[in-house]
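Visitor:
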Amino acid sequence: MKQFVNFVKKEFFHVMRDRKTLLILFGMPVAQILIFGFALTNEVKNSRLIVFDQAKDPASQELITKIEASRYFEVERSVADQQQMEAVFRQGKIKMALVFPAGFNASLLHEHKAQVQVIADASDPNTANMLTNYLSAIVLDYQSTLSKDLVVPYRIVPEVRMLYNPQLKGAPNFVPGVMALVLMLVCVMMTAISIVKEKETGTMEVLLVSPFKPILVIISKAVPYLILSVVNVASILLLSVFVLELPVNGSVLLLFGESILFIITCLSVGIFISVKTDSQQVAMLISLMGMLLPTVLFSGFMFPIENMPYPLQLFSNIVPAKWFYLIVKSIMIKGLGFGAIWKETLILTGITVVLLGISLKSFKIRLS
Amino acid sequence: MKEIVIKTDRLSKRFGDFTAVNEISFEVQKGEIFGFLGANGAGKTTAMRMLCGLSVPSSGKAEVAGFEVYRQSEEIKRNIGYMSQKFSLYEDLTVLENISFFAGIYGLSNREISEKTKALVEQLGLEKEAKKLVAGLPLGWKQKLSFSVAVLHQPKIVFLDEPTGGVDPVTRRQFWDLIYEASEKGITVFVTTHYMDEAEYCDRVSIMVDGKIAALDSPSNLKTQFKAGSMDEVFYQLARGAKRGD
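First to last, the protein sequences are chains A and B. Each residue of the first sequence is one higher than the last, beginning at 1 in my numbering. Each residue of the second sequence is one higher than the last, beginning at 1001 in my numbering.
If you want it as structure tokens, here you go:
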């Protein structure tokens, strides 16, 4: 035990002396949370819009005012003809145009039916989609104020409730994602690199010739990263609660427990990579390509898994981050207890046990 | 009759079709400085790794410090010291931290660690550098420190794998003074080297060619046997016939 403590102490010296790594370790989660929280957001606000108003009547004016009043759009300017409108689109600063045909008000009054054209710059399809949805909603809203006095037969008004995230904020989605990402990076890459480093410098041989058990070498190299990762989880949660105002709805203790499980999963992957590689560069490359990429792609954090082709959906099941992401979302956002996530936990535990078994087995007691 | 601390009997290591070490048999006595020579690829590192418990032999017998290599590698590990080819201290740890880490790995008590650390720092004249990172030490000092750390727990045998690579002749000479000192204390020294002048410092020398021991005797006997003026010539005569190498 004393030998073990002695070893872990030495590992902490390594981590603490390497300032750059330390900065990455603790700076990364903070930076990611802040970037995702404030810079990268899929909410679209104050998009510029141009209006090509051929009607210039009370109805069109009223609708334009309504659009201007919303927080989604800013009416940049009006254009006088088709060519002008196309020119503005080509400059790329405008994402959207609204075209009123001549006699908009008149047809609305007499035929109870009028048309507006919505033109969106679909070079970025997601934004275009979102903007047209917003705009349609405003138009619909205007329409319902018009028909308020009229008796319209058969009207179904859906009342929509957005559960768990009524304001459709981005944070509930990315905080669990960032957690998975940061833990993956720190545990897999750092552990792999730190073990491979000992191989490169020849100190691993000296350790293996010593009476210190090889398995303990590996465990004591992983311990500091386990502790640092728990600190990272805490700092991510603190930032999310106090800076992004996203509370933890479920049990914090459960959240930490699940995080430690996922950390151990990642550490096993890191150990496995370190066993299979002999240079720090290779270990880093494999960690990044082999682990970070699937985490980003298949955890459901950036791209919905439901929309993927079936084989990829199947593949996503072996990505540990997917399960961790689901667990964190359930605890943090939905406030669910262990009863709701036991299945995910079981799967994650299974993956961890398998990975740990493989990596410890492949770490040969005697180097040959 | 002196005590035998290393004894091998037709010890072999095969990697697939390739026989790295081919039935080597030799004995090393307590307190001896045993030179283990051979060209690159002759199999000396593989042989040494088997003796240290880093690699399992394919066949043959071997006993190190009275324990046999197949089943008692844990006991062997407690009784040997090892210094690898690559310089093997932690560069980002201080001299003191390195000493107490390795002492701790061998299970020395806190009191022993602090006593030995103090004695070692004085012996090497590293008082001023004790709290500095090892990365800043000159290579010669690093290697002396590395050796001292390898014998800190007073092993029966210390294995040195090309310990003086890349060091100037003066430092090499000083390094050998440390080896003599250890040998006088009864520590058996098993050393591989490329330098033939170092071979002359050994009590007995074995020369490996293509996985076999081609010659084994004291340097002076070998020179007489091969009618050579120096170990260099002895080595050249033997290694010339080698089929493998790089």
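Note that CB positions come from ideal geometry on N, CA and C, so glycine has one too. Source: prediction; values computed, not measured.
Using a Cβ-based criterion (distance less than 7 Å to any ligand heavy atom), does A:P29 qualify as near the ligand NAD?
Guide: Among the ligands in the structure shown, none appear at all, so the ligand NAD cannot be discussed.
Visitor: What are the residues that DSSP puts in a beta bridge with B:V1189?
Guide: As a working note, residue 1189 of chain B is residue 189 in the second sequence. In the DSSP output, where bridge partners are listed per residue, B:V1189 has B:I1033, B:V1158.
Visitor: When you compare only the Cα positions, how much space is there between A:I260 and A:L131?
Guide: By one-based count along the first sequence, residue 260 of chain A stands at place 260. By one-based count along the first sequence, residue 131 of chain A stands at place 131. The straight-line gap from Cα to Cα measures roughly 41 Å.
Visitor: May I ask which residues mark the beginning and end of the beta strand (DSSP E) holding A:S136?
Guide: Here residue 136 of chain A refers to the residue found at position 136 of the first sequence. From DSSP, A:S136 is part of no beta strand (DSSP E) but of the alpha helix (DSSP H) over 125 to 146.
Visitor: Is there at least one Cβ from chain B nearer than 8 Å to A:L367's Cβ?
Guide: Your numbering for residue 367 of chain A matches position 367 in the first sequence. Since pLDDT at A:L367 reaches only 47, below the 50 mark, its modelled position is unreliable, and the value read off the structure follows with that caveat. Output row for A:L367: interface = yes.
Visitor: Assuming the contact rule is C-beta atoms closer than 8 Å, A:F363 and A:I271 should be a hit. Round their C-beta distance to whole Å, please.
Guide: Along the first sequence, read from residue 1 onward, the residue named residue 363 of chain A stands at position 363. Along the first sequence, read from residue 1 onward, the residue named residue 271 of chain A stands at position 271. About 7 Å; that satisfies the 8 Å criterion.
Visitor: Chain B beta carbons: is any one of them nearer than 8 Å to that of A:F363?
Guide: Locating residue 363 of chain A in the first sequence gives position 363, counting from the first residue. No, A:F363 does not count as interfacial toward chain B.
Visitor: Which runs of the alpha helix (DSSP H), 4 residues or longer, sit entirely within the region 234 to 278 of chain A?
Guide: With a minimum length of 4 residues, the continuous alpha helix (DSSP H) runs that stay inside the region 234 to 278 of chain A are 252 to 276.
Visitor: Kindly indicate which three-state DSSP category B:G1165 falls into: helix, strand or coil?
Guide: Indexing the second sequence from 1 puts residue 1165 of chain B at position 165. Of the three classes helix, strand and coil, the one that applies to B:G1165 here is coil, per DSSP.
Visitor: Roughly how many whole angstroms lie between the Cα atoms of A:S28 and A:A180?
Guide: Within the first sequence, numbered from 1, the residue matching residue 28 of chain A stands at position 28. Within the first sequence, numbered from 1, the residue matching residue 180 of chain A stands at position 180. Note on residue identity: the sequence assigns Met, not Ser, to residue 28 of chain A. So the two alpha carbons sit approximately 13 Å from each other.
Visitor: I need the boundaries of the alpha helix (DSSP H) containing B:G1104, first residue and last residue.
Guide: For the purposes of this step, residue 1104 of chain B is taken as the residue at position 104 of the second sequence. Segment 1095 to 1105, the alpha helix (DSSP H) holding B:G1104.
Visitor: Using a Cβ distance threshold of 8 Å, determine whether the region 104 to 115 of chain A contacts the region 83 to 94 of chain A, with at least three qualifying pairs required.
Guide: With the cut-off at 8 Å, the region 104 to 115 of chain A and the region 83 to 94 of chain A do not touch.
Visitor: Pull up the DSSP beta-bridge partners for B:D1217, would you.
Guide: Your numbering for residue 1217 of chain B matches position 217 in the second sequence. Note: B:D1217 sits in a beta bridge opposite B:V1205.
Visitor: Please list, in chain order, all residues of the same chain as A:F303 whose beta carbon is under 8 Å from its beta carbon, the five residues on each side excluded.
Guide: Position 303 of the first sequence, counting from 1, holds the residue named residue 303 of chain A. Once the five neighbours on either side are set aside, the close Cβ partners of A:F303 are L297.
Visitor: Could you tell me if B:E1162 is buried or exposed, where buried requires 16 or more neighbouring beta carbons within 10 angstroms of its beta carbon?
Guide: The count along the second sequence starts at 1 and reaches residue 1162 of chain B at position 162. Result: buried.
Visitor: Starting from A:R77 and walking both ways along the beta strand (DSSP E), at which residues does that stretch end?
Guide: Sequence index remark: in the first sequence, residue 77 of chain A carries index 77 (1-based). Here the beta strand (DSSP E) through A:R77 covers 73 to 78.
Visitor: With 8 Å as the threshold, decide whether the Cβ of A:L208 is near any Cβ in chain B.
Guide: Indexing the first sequence from 1 puts residue 208 of chain A at position 208. So yes, A:L208 belongs to the interface.
Visitor: Distance, Cα to Cα, A:F100 vs A:K66?
Guide: Stepping through the first sequence from its first residue, residue 100 of chain A is reached at position 100. Stepping through the first sequence from its first residue, residue 66 of chain A is reached at position 66. One C-alpha to the other measures close to 15 Å.
Visitor: Roughly how many whole angstroms lie between the Cα atoms of B:D1197 and B:M1050?
Guide: Here residue 1197 of chain B is taken as the residue at index 197 of the second sequence, counted from 1. Here residue 1050 of chain B is taken as the residue at index 50 of the second sequence, counted from 1. Looking at the two C-alpha atoms, the distance is approximately 26 Å.
Visitor: For B:Y1070, which three-state DSSP category applies?
Guide: The residue you call residue 1070 of chain B lines up with position 70 of the second sequence. Reduced to three states, the DSSP call for B:Y1070 is coil.
Visitor: Does DSSP classify B:G1041 as helix, strand or coil?
Guide: Walking along the second sequence from the start, residue 1041 of chain B turns up at place 41. Looking at B:G1041 - three-state DSSP - the assignment turns out to be coil, as it is neither helix nor strand.
Visitor: Can you tell me the Cα-Cα spacing of B:S1025 and B:K1061, whole angstroms?
Guide: Stepping through the second sequence from its first residue, residue 1025 of chain B is reached at position 25. Stepping through the second sequence from its first residue, residue 1061 of chain B is reached at position 61. The straight-line gap from Cα to Cα measures roughly 9 Å.
Visitor: For A:K10, return the contacting residues in chain B, with the cut-off set at a CB-CB distance below 8 Å.
Guide: Locating residue 10 of chain A in the first sequence gives position 10, where the first residue counts as 1. Under the 8 Å cutoff, chain B gives Y1090, L1093, E1097, F1101.
Visitor: Under 7 Å Cβ to Cβ from A:Y134, same chain only, skipping five residues before and after it: list those, please.
Guide: Indexing the first sequence from 1 puts residue 134 of chain A at position 134. Answer for A:Y134: Y72, listed in chain order.
Visitor: Which residue wins for smallest C-alpha separation from A:I305, given the options A:F174, A:L207, A:K322, A:E198?
Guide: As a working mapping, residue 305 of chain A is identified with position 305 in the first sequence. Residue A:K322 is the option with its Cα nearest to A:I305.
Visitor: Determine, for A:Q280, whether the minimum Cβ-Cβ distance to residues of chain B falls below 8 Å.
Guide: For the purposes of this step, residue 280 of chain A is taken as the residue at position 280 of the first sequence. No, because no Cβ of chain B sits closer than 8 Å to the Cβ of A:Q280.
Visitor: Around the Cβ of A:T145, are there at least 16 other Cβ atoms within 10 angstroms (buried) or fewer (exposed)?
Guide: Taking the first residue of the first sequence as 1, we reach residue 145 of chain A at position 145. Its Cβ having fewer than 16 others within 10 Å, A:T145 is exposed.
Visitor: Mind checking B:F1015: buried by the 16 CB within 10 Å criterion, or exposed?
Guide: The residue you call residue 1015 of chain B lines up with position 15 of the second sequence. So B:F1015 ends up on the exposed side.
Visitor: Name the two residues that bound the continuous alpha helix (DSSP H) containing B:L1145.
Guide: The residue you call residue 1145 of chain B lines up with position 145 of the second sequence. 1139 to 1150 is the extent of the alpha helix (DSSP H) around B:L1145.
Visitor: Tell me the DSSP secondary structure of B:V1021 in three-state form.
Guide: Within the second sequence, the letter at position 21 stands for residue 1021 of chain B. Three-state result, B:V1021: strand.
Visitor: How big is the Cα-Cα spacing for A:S251 and A:V217?
Guide: Taking the first residue of the first sequence as position 1, residue 251 of chain A is located at position 251. Taking the first residue of the first sequence as position 1, residue 217 of chain A is located at position 217. Between A:S251 and A:V217, the C-alpha separation is close to 34 Å.
Visitor: Taking the C-alpha atoms as reference points, what is the distance between B:P1219 and A:K276?
Guide: Within the second sequence, numbered from 1, the residue matching residue 1219 of chain B stands at position 219. Within the first sequence, numbered from 1, the residue matching residue 276 of chain A stands at position 276. C-alpha separation (whole angstroms): 43 Å.
Visitor: Quick check: what's the CA-CA separation for A:V241 versus A:V269?
Guide: In the first sequence, residue 241 of chain A corresponds to position 241, counting from 1. In the first sequence, residue 269 of chain A corresponds to position 269, counting from 1. Rounded to whole angstroms, A:V241 to A:V269 spans 30 Å at the Cα level.
Visitor: Taking 8 Å as the CB-CB cut-off, is B:Q1085 touching chain A?
Guide: Your numbering for residue 1085 of chain B matches position 85 in the second sequence. Yes - at least one Cβ of chain A is within 8 Å of the one on B:Q1085.
Visitor: For A:C187, which residues of its own chain have a beta-carbon under 7 Å away from its beta-carbon, when the five flanking residues on both sides are left out?
Guide: As a working note, residue 187 of chain A is residue 187 in the first sequence. Once the five neighbours on either side are set aside, the close Cβ partners of A:C187 are Y225, S229, I263, C266, L267, G270.
Visitor: Measuring only the C-alpha atoms, how far is B:I1157 from A:V223?
Guide: Walking along the second sequence from the start, residue 1157 of chain B turns up at place 157. Walking along the first sequence from the start, residue 223 of chain A turns up at place 223. Computed Cα separation, rounded: 33 Å.
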